[in-house]
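Presented below is the structure to which this report refers.
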Amino acid sequence: MKIRDRVHLIEGPNKGKYPYSNSVLIGNSCLIDTGAGDVLRNLKVDWVINSHWHEDHIALNKIGKRVAAHAFDAEAIESYEEFRERYGMGDIVKLFINFEFGNVDRTFEDGEEFEFEGVRVEVLHTPGHSAGHCCFIIDEKVIFLGDIDLTSFGPWYGCRDCNVRDFVKSIERIKDVVQERNISVAIPSHGDAVFGKEKIVRKLEDYLKVIYERDKKIRELISSGEDPVGRGIIYRKIPEPRDVFLNFEKIMVKKHLTTFQSESSHP
Ligand SMILES: [Zn+2]
3 MKIRDRVHLI EGPNKGKYPY SNSVLIGNSC LIDTGAGDVL RNLKVDWVIN SHWHEDHIAL
63 NKIGKRVAAH AFDAEAIESY EEFRERYGMG DIVKLFINFE FGNVDRTFED GEEFEFEGVR
123 VEVLHTPGHS AGHCCFIIDE KVIFLGDIDL TSFGPWYGCR DCNVRDFVKS IERIKDVVQE
183 RNISVAIPSH GDAVFGKEKI VRKLEDYLKV IYERDKKIRE LISSGEDPVG RGIIYRKIPE
243 PRDVFLNFEK IMVKKHLTTF QSESSHP
């Protein structure tokens, strides 16, 4: 799908639903994320840029001559040991891996800019979902949101390098950027592109609210002496393999309890 001149959205299967994700092709030389599946297999690009280290974003990194990622996520893209460490569940994470780990040739930081065939790409470091998660402003008016994905499920922070407070700050930052710079298209890694500044802002607000709604429910259950894990607060129904997803939910609930002291710490 053409978004602007030399900027194309390449949707993963099922609108980029996990284990796939959406990619953006800039000219013929740069691809942001490589989880869009078979449609990418015959592509060759000079650069792959990763939004973060998760498997559904790096699967076909080998189609790039070179790979770039944020300095905080590079190691988990390169090495199984670091990948496993961040999931924190031992070798069961092999379930998620149907790709080969590969080198990151260049790391970047917040505020860096690249240019591909006259199209500018600006890095916004937006941690929370992962330590080095980044969004990208493309050609001034388009933002690639990565896994600040605006889904009704809400933000996901089930790995060791996730941080729910950083996630809140990142969503707020993106909201400001969209307003200040008149961004008119937002492309999440999963789901449909969103058109129109007001709509993007509204969706970001709804997405942020999910964190506070979860927090409220978690505290209600705890104050009545109940275990909030497995009660539909994060996953409405725990997917299979159940142990793996229950563990994610446990990690996410724990991050609430160690991050927000009480409801009064919400804005
Ligand atoms: Zn992710």
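Numbering-wise, this note's numbering comes out as the position in the sequence shown, counting from 1, plus 2. The C-beta atom is built at its ideal place from N, Cα and C for all residues, glycine as well. Quick caveat: nothing in here was measured; it's all calculated off a predicted structure.
| query | Is Ile140 helix, strand or coil by DSSP? | reply | Reading the sequence shown from its first residue, position 138 is the one you call residue 140. The answer is strand: DSSP assigns Ile140 an E or B state.
Quiz item: Three-state secondary structure (DSSP) at His135?
Solution: The residue given as residue 135 occupies position 133 in the sequence shown. Residue state, collapsed to three classes: coil.
Query raised in the report: Does the beta-carbon distance from Asn100 to Ala61 come in below 8 Å?
Result: Within the sequence shown, residue 100 is the residue found at index 98, counting from 1. Within the sequence shown, residue 61 is the residue found at index 59, counting from 1. Their beta carbons are under 8 Å apart, which means Asn100 touches Ala61 by this criterion.
Under 8 Å between the Cβ atoms of Lys199 and Asn184? As a position in the sequence shown, residue 199 is number 197, starting the count at 1. As a position in the sequence shown, residue 184 is number 182, starting the count at 1. Contact flag set, yes.
Of the listed residues Pro21, Asp168 and Ala133, nearest to Leu210 (C-alpha basis):
Within the sequence shown, the letter at position 208 stands for residue 210. Of Pro21, Asp168 and Ala133, the residue nearest in Cα terms is Asp168.
Could you tell me which residues DSSP puts in a beta bridge with Ser25? Start at 1 with the first residue of the sequence shown, and residue 25 comes out as number 23. BP columns for Ser25 point to Ile12.
**OP:** Would you mind listing the alpha helix (DSSP H) stretches within the segment 163-238 that are 4+ residues and don't spill past its ends, in chain order?
**Re:** 166-182 and 199-225
Note to self: Let me check you understand the geometry: is the CB of His56 closer than 7 Å to at least one non-hydrogen atom of ligand 1?
What the structure shows: Position 54 of the sequence shown holds residue 56. Within the cutoff, so yes.
Item checked: Option in Ile224, Leu42, Ile145 and Met254 with minimal Cα separation from Val125 -> Taking the first residue of the sequence shown as position 1, residue 125 is located at position 123. Comparing Cα-Cα distances from Val125 to each of Ile224, Leu42, Ile145 and Met254, the minimum goes to Ile145.
Can you check whether the CB of Gly66 is closer than 8 Å to the CB of Val47? Numbered from 1 along the sequence shown, position 45 holds the residue referred to as residue 47. Numbered from 1 along the sequence shown, position 64 holds the residue referred to as residue 66. Taking 8 Å as the Cβ cut-off, Val47 and Gly66 qualify as a contacting pair.
Looking at the structure shown, is Thr261 part of a helix, part of a strand, or coil, going by DSSP?
Position 259 of the sequence shown, counted from the first residue, corresponds to residue 261. Three-state DSSP puts Thr261 in a helix.
Review point. Does the distance from the C-beta atom of Phe111 to that of Ala73 stay below 8 Å?
Key: To locate residue 111, count along the sequence shown from 1; it is residue 109. To locate residue 73, count along the sequence shown from 1; it is residue 71. It is Glu, not Phe, that sits at residue 111 in the sequence shown. In contact: Glu111 and Ala73 (Cβ atoms closer than 8 Å).
- Going by beta carbon distance, what residues of the same chain come within less than 8 Å of Asn16, once the five residues before and after it are set aside? In the sequence shown, residue 16 corresponds to position 14, counting from 1. These residues qualify, in order along the chain: Tyr22.
Exercise. Considering Ile51, what are the terminal residues of the beta strand (DSSP E) in which it resides?
Worked result: The residue labelled residue 51 in the question sits at position 49 within the sequence shown. Segment Val47 to Ile51, the beta strand (DSSP E) holding Ile51.
Among Asp178, Asp245, Ile28 and Ala38, which has the Cα closest to the Cα of Tyr20? For this step, residue 20 is matched to residue 18 along the sequence shown. Of the candidates Asp178, Asp245, Ile28 and Ala38, the one whose C-alpha sits nearest the C-alpha of Tyr20 is Ala38.
Q: Return the residue from the list Ser186, Arg216 and Asp141 that minimises the CA-CA distance to Gly156.
A: As a first step, residue 156 must be located in the sequence shown, where it is residue number 154. The option with the nearest alpha carbon to Gly156 is Arg216.
Item to check | C-beta atoms of Cys137 and Leu147 nearer than 8 Å | outcome: By one-based count along the sequence shown, residue 137 stands at place 135. By one-based count along the sequence shown, residue 147 stands at place 145. Yes. Within cutoff.
- Query: Does the distance from the C-beta atom of Trp55 to that of Phe85 stay below 8 Å?
  - Reply: The residue you call residue 55 lines up with position 53 of the sequence shown. The residue you call residue 85 lines up with position 83 of the sequence shown. Cβ distance < 8 Å, so Trp55 and Phe85 count as in contact.
Open item on the list: In the DSSP assignment, the alpha helix (DSSP H) including Glu80 goes from what residue to what residue?
Closed with: The residue given as residue 80 occupies position 78 in the sequence shown. Its alpha helix (DSSP H) spans residues Ala76 to Glu80.
Would you call the segment 237-248 and the segment 218-229 touching, i.e. three or more CB-CB distances under 8 Å? no
Flag His131 as yes when its Cβ comes closer than 7 Å to any non-hydrogen atom of ligand 1, and as no otherwise. Sequence index remark: in the sequence shown, residue 131 carries index 129 (1-based). Yes, ligand 1 has a heavy atom inside 7 Å of this Cβ.
#### Entry: Other residues of its chain near Gly130: CB distance less than 6 Å, five sequence neighbours each side excluded
Taking the first residue of the sequence shown as 1, we reach residue 130 at position 128. These residues qualify, in order along the chain: Asn165, Asp168, Phe169 and Ser172.
Limits of the unbroken alpha helix (DSSP H) element including Glu124 = As a first step, residue 124 must be located in the sequence shown, where it is residue number 122. Looking at the DSSP string, Glu124 is not in any alpha helix (DSSP H); the run it does join, the beta strand (DSSP E), is Val121 to His127.
Item checked: Contact test: His72 Cβ vs ligand 1 heavy atom, cutoff 7 Å -> Numbered from 1 along the sequence shown, position 70 holds the residue referred to as residue 72. Incorrect: His72 has no Cβ contact closer than 7 Å to ligand 1.
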